[in-house]
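Chemist:
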Amino acid sequence: MSAFLQYVVSGLTIGSFLSLVALGYTMVYGIIRLINFAHGDLFMVGAFLGWAILVPVLAANVPVALAVLTALVLSMLLTGGLGIAIQAVAYKPLLRAPRLSILISAVGVSLALENGVLLAFGAGYDTYPQILSFAGVSLAGVRVSYAQLGMIALSVALMAGLYLFVHRTAVGTAMRALALDQEAARLMGINVDRIILLTFFIGSLLAAAAGVMEGLYYTQINFFMGFLIGLQAFTAAVLGGIGNIPGAMVAGFLIGFLEAFSAGYISSRWTDVFVFAVLILVLVVKPTGIFGERVVERM
Amino acid sequence: MRVFNRLRGVVIVTVALALSGWAAPGGAASGVIKIGVPVPLSGNNASAGEDLVNGAKLAAADINRKGGVNGMKIEIVPADDACDAQTAAQAADKLMAQGVVAVAGGYCSGAALPELTAFHRQGIPYVLDASTNPQLTELGYKEAFRVIGRDDQQAPFAANFIATSLRAKTAAVLNDNTTYGKGLADSLVTALGTRGVKVVFNDSITPGQSDYTATLTKIRGAQPDVFYYAGYYAEFSLLVKEAKQLELKARLIGSDANQSPVLIKTAGSAAEGTIVTTAPLPQFISGAQGFVKAYEKAYGKSAGPYSAYEYDAVSTVAQAIKAARSTDPKRITAALASLKSFKGITGDIAFTPKGDRTGINYISVIVRNGQFAPYKKLDKAGRWVDGR
Numbered sequence: 000m001s002a003f004l005q006y007v008v009s010g011l012t013i014g015s016f017l018s019l020v021a022l023g024y025t026m027v028y029g030i031i032r033l034i035n036f037a038h039g040d041l042f043m044v045g046a047f048l049g050w051a052i053l054v055p056v057l058a059a060n061v062p063v064a065l066a067v068l069t070a071l072v073l074s075m076l077l078t079g080g081l082g083i084a085i086q087a088v089a090y091k092p093l094l095r096a097p098r099l100s101i102l103i104s105a106v107g108v109s110l111a112l113e114n115g116v117l118l119a120f121g122a123g124y125d126t127y128p129q130i131l132s133f134a135g136v137s138l139a140g141v142r143v144s145y146a147q148l149g150m151i152a153l154s155v156a157l158m159a160g161l162y163l164f165v166h167r168t169a170v171g172t173a174m175r176a177l178a179l180d181q182e183a184a185r186l187m188g189i190n191v192d193r194i195i196l197l198t199f200f201i202g203s204l205l206a207a208a209a210g211v212m213e214g215l216y217y218t219q220i221n222f223f224m225g226f227l228i229g230l231q232a233f234t235a236a237v238l239g240g241i242g243n244i245p246g247a248m249v250a251g252f253l254i255g256f257l258e259a260f261s262a263g264y265i266s267s268r269w270t271d272v273f274v275f276a277v278l279i280l281v282l283v284v285k286p287t288g289i290f291g292e293r294v295v296e297r298m
Numbered sequence: 000m001r002v003f004n005r006l007r008g009v010v011i012v013t014v015a016l017a018l019s020g021w022a023a024p025g026g027a028a029s030g031v032i033k034i035g036v037p038v039p040l041s042g043n044n045a046s047a048g049e050d051l052v053n054g055a056k057l058a059a060a061d062i063n064r065k066g067g068v069n070g071m072k073i074e075i076v077p078a079d080d081a082c083d084a085q086t087a088a089q090a091a092d093k094l095m096a097q098g099v100v101a102v103a104g105g106y107c108s109g110a111a112l113p114e115l116t117a118f119h120r121q122g123i124p125y126v127l128d129a130s131t132n133p134q135l136t137e138l139g140y141k142e143a144f145r146v147i148g149r150d151d152q153q154a155p156f157a158a159n160f161i162a163t164s165l166r167a168k169t170a171a172v173l174n175d176n177t178t179y180g181k182g183l184a185d186s187l188v189t190a191l192g193t194r195g196v197k198v199v200f201n202d203s204i205t206p207g208q209s210d211y212t213a214t215l216t217k218i219r220g221a222q223p224d225v226f227y228y229a230g231y232y233a234e235f236s237l238l239v240k241e242a243k244q245l246e247l248k249a250r251l252i253g254s255d256a257n258q259s260p261v262l263i264k265t266a267g268s269a270a271e272g273t274i275v276t277t278a279p280l281p282q283f284i285s286g287a288q289g290f291v292k293a294y295e296k297a298y299g300k301s302a303g304p305y306s307a308y309e310y311d312a313v314s315t316v317a318q319a320i321k322a323a324r325s326t327d328p329k330r331i332t333a334a335l336a337s338l339k340s341f342k343g344i345t346g347d348i349a350f351t352p353k354g355d356r357t358g359i360n361y362i363s364v365i366v367r368n369g370q371f372a373p374y375k376k377l378d379k380a381g382r383w384v385d386g387r
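Below is the structure:
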């Protein structure tokens, strides 16, 4: 039983990163029907920006909490800006081109980001300072560190914020309108281009948050770190019904549990197999995902 | 994921090959002797690859300063094998197209195997500096040599250390499913059995993930005295940290590839007390002290665990070229095989008929105060005691 609960904790931790990244896939797909394969790399860029900001800020004797907050917020804003730039340069000119062109453009952006970071920071590992302590609580043989709780809480808070933004604000309503019918939204006077840019901004911002959190929690960052989590988060987005925001949030945690339980009860060497088997299974059996059909409104 | 990964790797390498194709094969004719150094320069093990190329360049500089070999200068030609079998085969082709007459390098055994096969077909000798899988010298290729030990030599050492020095009764063995990790883990499980240590957990992980707490939870449930990881440092760094966070009681031990500064950097205070079984490091070899200092001066960081072995691999090749009085790969191979006790910085170098180094030994190091230190040290009475 204690092992089971410990796996639940692992799954929640993994899921809190996956969900944040999955949201970016799902939001962009909901708005312009593009699977943004560069999204995992925005997560990686976010982690590197956070590191590049955090290290000098800490060196300048800024209090740790303030330094972390600065790195997190600045990295989120900068990566959000990068998302806007990518949309403007690589995707916008291709919105009316055949679907394949924009997809290839996305793969190109992914390669450009990876190799850009490779050139700028080198191929080896860079390390976040060990800020989070190993301290935590043990309950009935289940060990939870405060850092883990913090990561899960921050992730859930960001997702709740996004949910409220999309459902309670005028801009959020415009986003949902766009996802429903772009032409009708345009006729209603919604500035479609600006809403698309905003979607990219928010998606990239959440990916950067996950990236900085990953850096703080696991401390090890590398130019290739966005690849695997990108594919896993994409799987989560598909599982949740691509385009469906609450679906991506829940499915991110489901994939996290799948990873933890398959590693715990079977073997870690099978986790990728299980995760991507789910992707294939969903695509074949229920392409709309587990939440896709019930929710008529996509976002 | 692997398929995507490979596909992209193929595209990149193809483009790189097309671009580099302009460099005409020159080789020895131009008064330069080209020695190939295939190592990972991208991906998870890139920093280890850089350490090796640095070691090779230092060796070439030292040799060239003394007038080169047979009146010709040594040139180091690195190639990125990305620690991946397919990329490695292309790296080997690329090196041969560039006209290398001998090869000194290799890191991941899984990548070194296809490289060795490719070089064997052209009769080019390959002196391995860090690839420890036994199979490399068991294939019967006369071109295969290595200046490092084999995993089936490390495994009995590690088993003996676990049973005798640590007095452990039970052990968990985890590997990363690579040629190196799996091979070493299999040898270790056998060796532990003969030493009477019970293996209570034996499994593989998928490398490249961030969270291994589920696997560690399983290990914690098995309550082993020691936990041995056979694999590379990127994953071990995370395992060490996550083990601390899960309050795993077992003593953590890593295989030789984990003797990396990355381990201490990533795992930080959690790395304290972690043990690594390894070939003797340059800083603990009396003959390599000059090398350690020269390396730090040249590159502004300390030498990697295998940098000195790569230095010796290049020097050994140079020595063989000198002895053969030829840059013909077949003659260099013959000269390497008949090499008699060449004085390298890691000790005397000679090869068994299979191409393995004679008289290799292993040591255990422990992380103390953020540094690797010998596990055993001589006390004042001249006895070996635990270095804790």
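Chains as they are written, first to last, in numbering that gives the first Met the number 0: chain E, 0 to 298; chain P, 0 to 387.
Ideal Cβ positions, reconstructed from N, Cα and C, are used throughout, including at glycine.
Which same chain residues end up closer than 6 Å to P/G230 when comparing Cβ atoms and leaving out the 5 residues on each side of it in sequence?
Modeler: N174, D175 and G180.
Chemist: May I have the straight-line CA-CA distance separating P/A28 from P/N69, to the nearest angstrom?
Modeler: Confidence at P/A28 is low in this model, with a pLDDT of 47, below 50, so the placement of that residue should be treated as unreliable; the coordinate-derived value is given next. Looking at the two C-alpha atoms, the distance is approximately 13 Å.
Chemist: Going by the CB atoms, is the gap between P/Y294 and P/N53 shorter than 8 Å?
Modeler: It is a contact, given that the beta carbons lie within the stated cut-off.
Chemist: Helix, strand or coil for P/V14, going by three-state DSSP, please let me know.
Modeler: Because the pLDDT at P/V14 is just 49, under 50, the model does not fix this residue reliably, and the point stays unresolved.
Chemist: Where do the ends of the beta strand (DSSP E) carrying P/F226 lie?
Modeler: That run of the beta strand (DSSP E) goes V225 to A229.
Chemist: Taking only the alpha-carbon atoms, compute the straight-line gap between P/P352 and P/G139 and give it to the nearest angstrom.
Modeler: Distance between the alpha carbons of P/P352 and P/G139: 10 Å.
Chemist: With distances taken from CA atoms, which of P/P113, P/R120, P/F144 and P/H119 is nearest P/L127?
Modeler: If we check each option's Cα against that of P/L127, P/F144 comes out closest.
Chemist: Starting from the beta carbon of E/F42, find every residue of chain P whose beta carbon is closer than 8 Å, and list them in chain order.
Modeler: Per Cβ cutoff of 8 Å: no residues; E/F42 is ~12 Å from chain P at best.
Chemist: Does any C-beta atom of chain P lie closer than 8 Å to the C-beta of E/F133?
Modeler: Taking Cβ atoms only, chain P reaches closer than 8 Å to E/F133, which makes this a yes.
Chemist: Contact criterion: CB-CB distance below 8 Å. Does E/T12 meet it with respect to chain P?
Modeler: Taking Cβ atoms only, chain P reaches closer than 8 Å to E/T12, which makes this a yes.
Chemist: Under 9 Å Cβ-Cβ, which residues of chain P neighbour E/G45?
Modeler: By Cβ distance, chain P contributes nothing, its closest Cβ being about 15 Å from E/G45, past 9 Å.
Chemist: So if DSSP puts P/I75 in a beta bridge, which residue, or which two residues, is it bridged to?
Modeler: Partner(s): P/I34.
Chemist: Starting from E/I195, trace the alpha helix (DSSP H) in both directions and tell me its first and last residue.
Modeler: Residues V191 to Y217.
Chemist: Under the rule that 16 or more other beta-carbon atoms within 10 Å means buried, what is P/F290, buried or exposed?
Modeler: Result: buried.
Chemist: Count the other CB atoms within 10 Å of the CB of P/K240; is the residue buried (16 or more) or exposed (fewer)?
Modeler: Looking at its Cβ environment, which holds 16 or more other Cβ atoms inside 10 Å, P/K240 is buried.
Chemist: Within its chain, find whatever has a CB closer than 7 Å to the CB of E/W50; leave out the 5 residues flanking it on each side and keep chain order.
Modeler: Within the same chain, E/W50 has close Cβ partners D125, Y127, G214 and I220.
Chemist: Looking at the unbroken beta strand (DSSP E) that takes in P/Q97, where does it start and where does it end?
Modeler: Per DSSP, P/Q97 belongs to no beta strand (DSSP E) and is neither H nor E.
Chemist: With a threshold of 8 Å between beta-carbons, can E/L19 be considered close to chain P, or not?
Modeler: Not one chain P Cβ lies under 8 Å of E/L19.
Chemist: Measuring only between beta-carbons, confirm whether E/Y162 sits less than 8 Å from chain P.
Modeler: False, the Cβ-Cβ gap to chain P never drops below 8 Å.
Chemist: When you compare only the Cα positions, how much space is there between P/V275 and P/Q258?
Modeler: Roughly 6 Å separates the two Cα atoms.
Chemist: Taking E/A122 as the reference, which of P/K321, P/A58, P/T345 and P/G48 has the closest Cα?
Modeler: Ranking P/K321, P/A58, P/T345 and P/G48 by Cα distance to E/A122 puts P/G48 first.
Chemist: Using a cut-off of 8 Å between C-beta atoms, extract the partners of E/Y6 located in chain P.
Modeler: Going along chain P in sequence order, the residues near E/Y6 (Cβ under 8 Å) are A213 and T216.
Chemist: Please determine whether the Cβ atom of E/T69 lies at a distance below 7 Å from any heavy atom of the ligand ATP.
Modeler: Of the ligands one can find in the structure shown there are none, so the ligand ATP has no counterpart to examine.
Chemist: Is there a Cβ from chain E that is less than 8 Å from the Cβ of P/D83?
Modeler: False, the Cβ-Cβ gap to chain E never drops below 8 Å.
Chemist: Relative to the C-alpha of P/A111, which candidate in P/Q97, P/G358 and P/T86 has its C-alpha closest?
Modeler: Considering only alpha carbons, the answer is P/T86.
Chemist: Comparing the C-beta of P/A45 with each C-beta of chain E, is any distance below 8 Å?
Modeler: Cβ-Cβ to chain E under 8 Å: yes for P/A45.
Chemist: Which residue from P/P328, P/A90, P/A249 and P/I263 puts its Cα closest to that of P/A372?
Modeler: When only C-alpha atoms are compared, the closest one is P/I263.
Chemist: For P/E137, which residues in the same chain have their Cβ closer than 8 Å to its Cβ, ignoring the five residues on either side in sequence?
Modeler: For P/E137, where only same-chain residues beyond five positions count, the Cβ hits under 8 Å are K353.
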